[in-house]
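Spelled out as C-alpha cells, the structure:
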C-alpha cells in the first residue's frame, strides 16, 4: 500500500510539472534547441551588440529563434533547470528552451 501511495505522489508531481501554461514575452528574447545555447546567449546579453551577433549566428544555424516582446507562447517548466521555460512544445516539437525570467504567465483564453 505504501508503494502505491508513493507512485501516485510521483505521478501527481510529474503531471503538475508538465502542465502547459500560456506565457507572454515581457521583452524581446530567444528560444533555443538546448539549454546550453540559452546559457551562452545569456552570458553575452549585457552587451547588446554581442547578443545580436551571437543570436544571429545561432538563428542561421537553426539552433535558436527570436521571440518578440508581446509574443504569446505555450510553456512548461523545464524539469532539468527551473530557470528555463520549454516553449511551444506542442506547436513546434520538441519546442524551444527560453529564459523563464523573460516571460509572464497569462490566463488561458
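In the working numbering, the protein residues as written are 67 to 175. For glycine and all other residues, C-beta sits at the position ideal for the given N, C-alpha and C.
query: Any 3 or more C-beta pairs closer than 8 Å across the segment 90-108 and the segment 143-159; result: yes
query: Simplified DSSP state of residue 155, which is helix, strand or coil; result: coil
query: Bridge partner(s) assigned by DSSP for residue 165; result: 150
query: Complete runs of the beta strand (DSSP E) confined to the segment 81-135 [at least 3 residues]; result: 87-91, 95-98, 130-133
query: Environment of residue 147 [buried if 16+ CB atoms lie within 10 Å]; result: exposed
query: Heavy atom of the ligand HEM within 8 Å of residue 154 beta-carbon; result: With respect to the ligand HEM, the structure offers nothing, as it holds no ligand at all.
query: Residues bridged to residue 171 [DSSP beta-bridge criterion]; result: 89
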